[in-house]
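J.:
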């Protein structure tokens, strides 16, 4: 049998004539003479004139009988120190193969060993490494599901400091991707639970049944990646109170319009007005919502129309600012509920096509019609960019909300660092964007998670996924809600959302707000390549066509060839 030791204590009544000041030096001898060898003085109690002594005494522990005992209690020498833990562990674990030190209390003279499987040893060691403690300070036992239940050391564990690191070590050192840890900081316990990695369904339908109850200031657009062990994630929403402007970037074919449609439906259902600006050839994605825009809020027929739609919004914002100032408030949200403005959600899609200026081909005179065409379109693009910047910079306090949508978010798209810095909500749709795209999209790319590999591996599951860095929220992975445009339109119609009979800006409004190179006396505005029948017009949306500098250069070559043929014919 194994022998164990423990601390034994005994209290003695001191002699009546005992004087602590005079007899302290002979007290130790008196205790030994009274109790026997091995006893030492622990402390005196002058209140009841007693002394407490202790010794480590040898006892027999029945739990240690036989070689198959799961736990062994071992006695320690009186002179064992806390720093001896590693040495004691190595010695005892060598003496008892298959056992590991689980309790080490040198001041009590006790150590415990426990039979432990290799997987448990690895798990305990990994947890101890994260917490910065000795392995025996982490108590662990296996679960029926293959995981582990743990008692955490209270003098070292902190949920805010360690939980994220513990989750990482659970997935990499203890189990595999999908395993997770649940901690209880109050009880200082934790459970490591085996599980498959969280994922999404193939499609997540927009909850149209609850469209009527959509909060005005918290627009849902999808579902967050579920927590480990869960089948459903939290709702992914844009908090417009935290920040009034958003950017939706994405890789080609990532489905940005699906996310935009979800935001549009929620905004209209909750009482917002709507403005949509897009390239004419791309506007088909939003044709379903054209009847629901505010008067003159459809800026998709031409570049001049887009400028005018935003100019009218800016003009409305100026009017609201005067009302706000007269009310004595500094933010429309501070006004009484009955006096608050209707929010205006502005969607600007295909920002690169609307804002990036074209180059005039070299060698073309500035007064050539082709050069004038490009110059006027660049003037309109500059005006559109100016209105976007002014609305974002000046009108967040009067209910203006804007979403800029683009494929590549750098200076070449019109969303440069200065403008991006004013936008609080950033969404990057796509299952596997490049590091460059992530860096250009987010404030801190390293803080935003990537779409997990198990999701990327399934094309149906990965469709509509992305990452979001939103004001008022930790960065997260999401999958966008989906509904057909017909379903959205039907749901909004059932809610009796107001429609307009004049969605597009009028000619008079365009003449008032859209800048042009020629004066008012030069006759009607020349057709732009963004206007029906203008330069570069194509009847088929998907038909390749030349634009900008390439189109102008091509036209010039055509004119040169025609001139050569005419000259040859006259010879």
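In my numbering, the protein residues as written are 60 to 630. In this text, a Cβ means the ideal position worked out from N, Cα and C, and glycines have one as well.
1. Leaving out five residues on either side along the sequence, give the residues of the same chain with a beta carbon under 6 Å from the beta carbon of residue 590.
2. Please go through the same chain and pick out, in chain order, the residues whose beta-carbon is closer than 6 Å to the beta-carbon of residue 379, but skip the five residues on each side of it.
3. Just mark residue 557 as buried or exposed, buried being the case when its beta carbon has 16 or more other beta carbons within 10 Å.
4. Rounding to the nearest angstrom, what Cα-Cα distance links residue 338 and residue 332 in this structure?
5. Compute the distance between the beta-carbons of residue 371 and residue 355, then report whether it is under 8 Å.
6. Rounding to the nearest angstrom, what Cα-Cα distance links residue 411 and residue 385 in this structure?
7. Are the CB atoms of residue 174 and residue 197 nearer to each other than 8 Å?
8. Which residue or residues does DSSP assign as beta-bridge partners of residue 357?
9. Three-state secondary structure (DSSP) at residue 560?
10. Give me the Cα-Cα distance between residue 498 and residue 149, rounded to the nearest whole angstrom.
11. Ignoring anything shorter than 3 residues, give me the beta strand (DSSP E) runs that lie fully in the stretch 180-261, in order along the chain.
12. Provide the residue span of the alpha helix (DSSP H) that contains residue 552, from first to last.
13. Please report the distance separating the alpha-carbon of residue 166 from that of residue 186.
14. Distance, Cα to Cα, residue 489 vs residue 314?
15. Cα separation between residue 517 and residue 524?
16. Taking residue 334 and residue 358 to be in contact with their CB atoms under 8 Å, please state how far apart those CB atoms are, rounded to whole angstroms.
17. Expressed to the nearest angstrom, what Euclidean distance is found between the alpha-carbon atoms of residue 585 and residue 350?
18. Could you tell me which residues DSSP pairs with residue 324 in its beta bridges?
19. Using the Cα positions of residue 68 and residue 84, report the straight-line distance between them to the nearest angstrom.
20. If you pair each beta-carbon of the stretch 419-429 with each one of the stretch 479-493, do three or more pairs fall below 8 Å?
21. Look up residue 529 in the DSSP assignment and say whether it is helix, strand or coil.
22. Quick one: any contact between the stretch 439-453 and the stretch 277-292, if contact means 3 or more CB pairs under 8 Å?
23. From which residue to which residue does the alpha helix (DSSP H) around residue 432 run?
24. Should residue 295 and residue 537 be called a contact, given that it needs their Cβ atoms to be closer than 8 Å?
25. When we look at the beta-carbon of residue 408 and count the other beta-carbons within 10 Å, is it buried (16 or more) or exposed?
26. Let me know the secondary structure DSSP gives residue 598 once reduced to three states.
27. With which residues is residue 460 paired in a DSSP beta bridge?
28. Since residue 450 contacts residue 397 with CB under 8 Å, what's their CB separation in whole angstroms?
29. Mind checking which residues open and close the alpha helix (DSSP H) that includes residue 513?
30. Which one or two residues does DSSP pair with residue 485 in a beta bridge?
31. Return the residue from the list 221, 172, 374 that minimises the CA-CA distance to residue 191.
32. Using C-beta distances below 7 Å, list every residue in its chain close to residue 307, excluding the 5 sequence neighbours before and after it, in chain order.
33. Measuring straight from C-alpha to C-alpha, what distance separates residue 218 and residue 188?
34. For the beta strand (DSSP E) containing residue 130, name the first residue and the last one.
35. Looking only at its own chain, which residues have a Cβ that is under 8 Å from the Cβ of residue 519, when we skip the five neighbours before and after it?
36. Is it buried or exposed, residue 353, if we count other Cβ atoms within 10 angstroms and call 16 or more buried?
T.: This is what the structure gives:
1. Counted from its first residue, the chain shown places residue 590 at position 531. A caution first: residue 590 carries a pLDDT of 48, below 50, which makes its placement in the model too unreliable to give a value.
2. Here residue 379 is taken as the residue at index 320 of the chain shown, counted from 1. Once the five neighbours on either side are set aside, the close Cβ partners of residue 379 are 400, 457.
3. Numbered from its first residue, the chain shown carries residue 557 at position 498. Label assigned to residue 557: exposed.
4. Residue 338 sits at position 279 when you count from the first residue of the chain shown. Residue 332 sits at position 273 when you count from the first residue of the chain shown. Their backbone Cα atoms lie some 21 Å apart in a straight line.
5. Taking the first residue of the chain shown as 1, we reach residue 371 at position 312. Taking the first residue of the chain shown as 1, we reach residue 355 at position 296. Contact flag set, yes.
6. As a first step, residue 411 is located in the chain shown; it is residue number 352 there, counting from the start. As a first step, residue 385 is located in the chain shown; it is residue number 326 there, counting from the start. So the alpha carbons of these two residues sit roughly 39 Å apart.
7. Your numbering for residue 174 matches position 115 in the chain shown. Your numbering for residue 197 matches position 138 in the chain shown. Their beta carbons are not under 8 Å apart, which means residue 174 does not touch residue 197 by this criterion.
8. For the purposes of this step, residue 357 is taken as the residue at position 298 of the chain shown. Per DSSP, 335.
9. Against the chain shown, residue 560 aligns to sequence position 501. Residue state, collapsed to three classes: coil.
10. Position 439 of the chain shown holds residue 498. Position 90 of the chain shown holds residue 149. The straight-line gap from Cα to Cα measures roughly 49 Å.
11. 198-201, 207-210, 239-243, 248-252
12. The count along the chain shown starts at 1 and reaches residue 552 at position 493. 544-553 is the span of the alpha helix (DSSP H), which, as asked, contains residue 552.
13. On the chain shown, position 107 is the one that residue 166 refers to. On the chain shown, position 127 is the one that residue 186 refers to. Looking at the two C-alpha atoms, the distance is approximately 25 Å.
14. The count along the chain shown starts at 1 and reaches residue 489 at position 430. The count along the chain shown starts at 1 and reaches residue 314 at position 255. Cα to Cα, residue 489 sits roughly 8 Å from residue 314.
15. Position 458 of the chain shown, counting from 1, holds the residue named residue 517. Position 465 of the chain shown, counting from 1, holds the residue named residue 524. Their Cα atoms are separated by approximately 11 Å.
16. On the chain shown, residue 334 is found 275 positions in, with the first residue counted as 1. On the chain shown, residue 358 is found 299 positions in, with the first residue counted as 1. Residue 334 to residue 358, Cβ: 7 Å. Contact.
17. What you label residue 585 is simply residue 526 of the chain shown in a count that begins at 1. What you label residue 350 is simply residue 291 of the chain shown in a count that begins at 1. Per-residue confidence for residue 585 stands at a pLDDT of 48, beneath the threshold of 50, marking its modelled position as unreliable; the derived number appears in the next sentence. Whole-angstrom Cα-Cα distance: 28 Å.
18. Your numbering for residue 324 matches position 265 in the chain shown. According to DSSP, which records beta bridges pairwise, residue 324 is partnered with nothing at all.
19. To locate residue 68, count along the chain shown from 1; it is residue 9. To locate residue 84, count along the chain shown from 1; it is residue 25. Computed Cα separation, rounded: 21 Å.
20. no
21. As a first step, residue 529 is located in the chain shown; it is residue number 470 there, counting from the start. In the structure shown, residue 529 sits in coil (DSSP, three-state: anything other than H, G, I, E or B).
22. no
23. Taking the chain shown and counting its residues from 1, one reaches residue 432 at position 373. 428-453 is the span of the alpha helix (DSSP H), which, as asked, contains residue 432.
24. On the chain shown, residue 295 is found 236 positions in, with the first residue counted as 1. On the chain shown, residue 537 is found 478 positions in, with the first residue counted as 1. In contact: residue 295 and residue 537 (Cβ atoms closer than 8 Å).
25. Taking the chain shown and counting its residues from 1, the one referred to as residue 408 is at position 349. Buried, by the Cβ-count rule.
26. By one-based count along the chain shown, residue 598 stands at place 539. In this prediction, residue 598 has a pLDDT of 41, which is less than 50 and means its spatial position is unreliable; nothing more can be read from the coordinates.
27. Against the chain shown, residue 460 aligns to sequence position 401. DSSP, once it has assigned bridges, lists 404 as partnering residue 460.
28. If you number the chain shown from 1, residue 450 lands on position 391. If you number the chain shown from 1, residue 397 lands on position 338. Not a contact, Cβ separation roughly 25 Å.
29. For the purposes of this step, residue 513 is identified with residue 454 of the chain shown, where counting begins at 1. Element bounds for residue 513: 512-515.
30. Working through the chain shown from its first residue, we reach residue 485 at position 426. Answer by DSSP bridge pairing, in chain order: 306, 528.
31. Counted from its first residue, the chain shown places residue 191 at position 132. Among 221, 172, 374, the Cα nearest to that of residue 191 belongs to 221.
32. Position 248 of the chain shown, counted from the start, is the residue given in the question as residue 307. Here the set comprises 315, 318, 319, 462, 464, 486, 488.
33. Position 159 of the chain shown, counted from the first residue, corresponds to residue 218. Position 129 of the chain shown, counted from the first residue, corresponds to residue 188. Rounded to the nearest angstrom, the two C-alpha atoms are 15 Å apart.
34. Within the chain shown, numbered from 1, the residue matching residue 130 stands at position 71. From DSSP, the beta strand (DSSP E) with residue 130 extends over 130-134.
35. Within the chain shown, the letter at position 460 stands for residue 519. Closer than 8 Å at Cβ, skipping near neighbours: 261, 262.
36. Stepping through the chain shown from its first residue, residue 353 is reached at position 294. Residue 353 should be labelled buried.
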